[in-house]
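Have a look at the structure below before the remarks.
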Amino acid sequence: MPETSRPSRSDSAAAPAPASDPRTPSEPVDPLDLLRRDAQGSRSPSGSVASRLLDVLLGDSMRPGDRLPSERRLTEAMGVGRSAIREAISALEVLGVVETRAGSGTYLRASTSELLPQTLSWSLLVDQDATEDLAVVRGALERSAAQEAAREPAADQVARLEELVAAQEAARGDAAAYIEADMAFHQHLAAMAGNPILAALLSTSRSLLRVWFERGVEDPADIDVAIREHRAVCEAIAAQDPQAAASAMESHMRTAAERLVRTPVDGA
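Take a look at the structure:
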């Protein structure tokens, strides 16, 4: 995410306050004031909220352990719906930037220096165009993994892959359990490919897309389609047919990408 407009801590301390701003450089900055200043950009509401929150968290106004303003106050300050605030907070929590404590609120976990390496991960997560690009990259990697996994797989590896498809079928009525079985299926398949770098890249891409996965399994029909596609990939690998496995995975990634595109990312 571009950082050109945000001064460093040392610059912030040395620069005089603008004439239009009554604060002196030493006075604390209210995070809500910073959020109110940003006009709505071209991103969707949740993407804009996430981007603006990140700017505040990476700035000088908050420290590790500070509590974020309440959901109600954020909604009022940013002029967006509560669901957009919740989605942004949820994504922050997935990345380990904040933690939500029951009955207490949401708190900043990491220092600025610890957050900086996660900026790329954040921008991929909150920007839908970047997310779609990442889905394309993930699709190519998954296709390669399926193709390699089908080259003389061990019997116990195939059996485990079949168990994970069965676990998905058993979890049809439980979205959280289904997502875990889905992720485990793809992780095992990547391990079967025998390429640690490929497996690591796939693990990273799946982690970045996880929030989107969770929003894309609300329709039981989509889960049924995904399970059938996983079954087709599994059968091709069991048959030791690399081309069929790659083709089945390509089809699965295509429909998965379509779900990402049509998944609503914001609410009222």
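Mind the numbering: the sequence shown is residues 1 to 268 in UniProt numbering, read in order.
Glycine included, every Cβ here is placed at the ideal spot set by N, Cα and C.
Model, not experiment: these values are computed from the prediction.
- The residues Tyr-107, Leu-108, in chain order, have a CB closer than 8 Å to that of Asp-66 in the same chain once the five nearest residues on each side in sequence are set aside.
- In this structure, Leu-161 and His-188 form a Cβ contact; the two beta carbons are roughly 6 Å apart against a cut-off of 8 Å.
- In this structure the segment 162 to 173 does not lie against the segment 190 to 202, because fewer than three pairs of beta carbons, one per stretch, are closer than 8 Å.
- In the structure shown, Gly-139 falls within a helical segment according to DSSP collapsed to helix, strand and coil.
- Secondary structure at Arg-259: helix, using DSSP grouped into helix, strand and coil.
- Within the model, the alpha-carbon separation for Asp-60 versus Ile-85 is close to 21 Å.
- With fewer than three CB-CB distances shorter than 8 Å, the segment 247 to 255 does not count as touching the segment 171 to 180.
- For Glu-99, the enclosing beta strand (DSSP E) stretches over residues 98 to 101.
- Excluding the 5 residues flanking it on each side, Ala-232 has same chain C-beta neighbours closer than 6 Å at Ala-248, in chain order.
- Under the DSSP assignment, Leu-108 falls in the beta strand (DSSP E) whose first and last residues are 105 to 108.
- Taking all protein chains in view, the Cβ of Asp-219 is surrounded by fewer than 16 other Cβ atoms within 10 Å, so the residue is classified as exposed.
- Around the beta carbon of Ala-200, fewer than 16 other beta carbons sit within 10 angstroms, so the residue counts as exposed.
- Assignment of Arg-67 by DSSP, reduced to helix, strand and coil, places it in the strand class.
- In the three-state DSSP reduction, Val-56 falls in the helix class (H, G or I).
- Taking 9 Å as the cut-off, the beta carbon of Val-97 is found no closer than this to the beta carbon of Ser-48.
- Taking all protein chains shown into account, Arg-72 has fewer than 16 neighbouring C-beta atoms within 10 Å of its C-beta and is therefore exposed.
- Separation of the CB atoms of Val-217 and Tyr-178 is rounded to 6 Å, and the pair is thereby assigned contact status at 8 Å.
- Annotation: Ala-146 to Ala-130 spans about 24 Å, alpha carbon to alpha carbon.
- In the structure shown, the three-state DSSP call for Asp-222 is helix.
- Secondary structure of Asp-133 (DSSP, three-state): helix.
- For the pair Ile-227 and His-252, the Cα-to-Cα distance works out to about 10 Å.
- Taking each of Glu-148, Gln-157, Ala-50, Ile-223 in turn and checking the Cα distance to Met-78, the smallest one comes out for Ala-50.
- If you compare the alpha carbons of Glu-148, Glu-87, Ala-191, Arg-206 with that of Asp-241, the shortest gap goes to Glu-148.
- A distance below 7 Å between beta-carbons, with the five flanking residues on each side excluded, links Ala-236 to the following residues of its chain, in chain order: Ala-150, Ala-244, Ala-245, Ala-248.
- Per DSSP, the unbroken alpha helix (DSSP H) holding Ala-167 starts and ends at 155 to 170.
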